[in-house]
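Peer 1:
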Amino acid sequence: MQFRVNLPLSSRDTTYDPASGGPLRGGRNQEPIIVRLANPSSGQLAPGVKPSITRQLILFEAEGPAGQPLEDLINNTKWRGIRDRAGNPPDTPVPGSQPDQFGQGIWMTELPRVGSTEVWEFLNLTVDAHPIHIHLIQFQLVNRQAVAIDPNTGEPTYTAVYASRFPGGRFAGVEPDGSWGLVKYPRGTIIPGYGPPDDYLTPNADGALGGNPAFSPFLQRPLIPPNPNEAGWEDTIKVFPGFVNRFVVRWAPQATGVGDVKPGQNLFSFDPTTGPGYVVHCHILDHEDNEMMRPYLPVP
10 MQFRVNLPLS SRDTTYDPAS GGPLRGGRNQ EPIIVRLANP SSGQLAPGVK
60 PSITRQLILF EAEGPAGQPL EDLINNTKWR GIRDRAGNPP DTPVPGSQPD
110 QFGQGIWMTE LPRVGSTEVW EFLNLTVDAH PIHIHLIQFQ LVNRQAVAID
160 PNTGEPTYTA VYASRFPGGR FAGVEPDGSW GLVKYPRGTI IPGYGPPDDY
210 LTPNADGALG GNPAFSPFLQ RPLIPPNPNE AGWEDTIKVF PGFVNRFVVR
260 WAPQATGVGD VKPGQNLFSF DPTTGPGYVV HCHILDHEDN EMMRPYLPVP
């Protein structure tokens, strides 16, 4: 499509002069100034923002015998929230999850209260950047912070501690010949699709939910504030490998002022708690189509 503007100006355009350096919001005939839950200059939460919950979640990639990627997982959990034992013994849900209310056969771990504000911290243990998209709401990037890297393996030192928490056992997986079957995982080995190694709802040493070892002992270097193009409401934000990427998430319309909504208060024009629910996923097509998607549901 091509637009050709060839008529002369009848008068000076006074709607906005980019050369003036003036604000794009908050002025006459402009959209109001955006509500900031995060301060993009400091990389901190904005004054008055009080999260009710912090979640620390892992991004993990399961590899095949030749090192090829097989599945990418959010918090090492598949879509249904089930630890797959191929029926022997029976499959079990991730501890701390709850069955969905609508008979879909899935188990949910993220059940935020409508009107609440939470901080979601994603530690990316894969080698890829993942654009993470949360349905229903927009959210803001608070900051990113690097974690310690093992100079011998090139992996985050967190990975070894994370792996040490897995108990071992027989679960569905990939055999050395590349076939799928019931695989015996030794203790101290990450079991793909097992979920987090600990109970999701038991706070870790950082006070965070998610069922994972605390992130704070592995953090290095200063906080990195959002890039200028990320300093606002977003529906998708890149989660970089080797970093803790912090989002502030609120289940309320973007125009709602800080402190003008409380947990349990619904300010949407509809009731998001009635289901069937929403999703959080990676926006790379072959990742979201291969288990890197989890359902969630706001609750009253």
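For the sequence shown, my numbering assigns the number 10 to the initial residue and increments by one for each residue that follows. Every residue, glycine too, gets a C-beta built ideally from N, C-alpha and C. These numbers come from a predicted model, not from an experiment.
Just to confirm before moving on: does the CB-CB distance between residue 222 and residue 206 stay below 9 angstroms?
Peer 2: yes
Peer 1: By alpha-carbon positions, which one of 86, 66 and 176 ends up nearest to residue 133?
Peer 2: 66
Peer 1: List the whole-angstrom C-beta distance separating residue 90 from residue 210, where the pair is believed to meet the contact cut-off of C-beta under 8 angstroms.
Peer 2: Going by Cβ atoms, the distance from residue 90 to residue 210 rounds to 13 angstroms, so no, they are not a contact pair.
Peer 1: Compare the beta carbon distance of residue 125 and residue 259 with 9 angstroms and say whether it is the shorter of the two.
Peer 2: yes
Peer 1: Any idea what DSSP makes of residue 159, helix, strand or coil?
Peer 2: Reduced to three states, the DSSP call for residue 159 is coil.
Peer 1: Run the CB neighbour count on residue 177, radius 10 Å, all protein chains shown included, and call it buried at 16 or more, exposed below.
Peer 2: exposed
Peer 1: Taking residue 190 as the reference, which of 94, 275 and 233 has the closest Cα?
Peer 2: 94
Peer 1: What number of angstroms, rounded off, separates the C-alpha of residue 142 from the C-alpha of residue 264?
Peer 2: Straight-line Cα distance between these residues: approximately 20 angstroms.
Peer 1: Can you name, in chain order, every residue of its own chain whose Cβ lies under 8 angstroms from the Cβ of residue 64, other than the five neighbours on each side?
Peer 2: Within the same chain, residue 64 has close Cβ partners 119, 127, 128, 129, 130, 217, 218 and 219.
Peer 1: For residue 161 and residue 255, which I take to be in contact (beta-carbon distance under 8 angstroms), what is that distance rounded to the nearest angstrom?
Peer 2: With 8 angstroms as the limit, residue 161 and residue 255 do not qualify as a contact, their Cβ atoms being about 28 angstroms apart.
Peer 1: May I have the straight-line CA-CA distance separating residue 267 from residue 188, to the nearest angstrom?
Peer 2: Spanning the two alpha carbons is a distance of roughly 52 angstroms.
Peer 1: Roughly how far, in whole angstroms, is the beta-carbon of residue 83 from the beta-carbon of residue 301, given that I think they are within contact range, below 8 angstroms?
Peer 2: 6 angstroms
Peer 1: Could you give the DSSP three-state label for residue 227: helix, strand or coil?
Peer 2: helix
Peer 1: In terms of alpha-carbon separation, which member of 308, 285 and 247 lies closest to residue 138?
Peer 2: Looking at the Cα atoms, 247 is the closest of the given residues.
Peer 1: Give me the Cα-Cα distance between residue 214 and residue 28, rounded to the nearest whole angstrom.
Peer 2: 51 angstroms
Peer 1: With C-beta atoms as the reference, is residue 167 less than 9 angstroms away from residue 227?
Peer 2: yes
Peer 1: So, at 6 angstroms on beta carbons, what are the nonlocal neighbours of residue 299 in its own chain, with the 5 sequence-adjacent residues on each side left out?
Peer 2: 80
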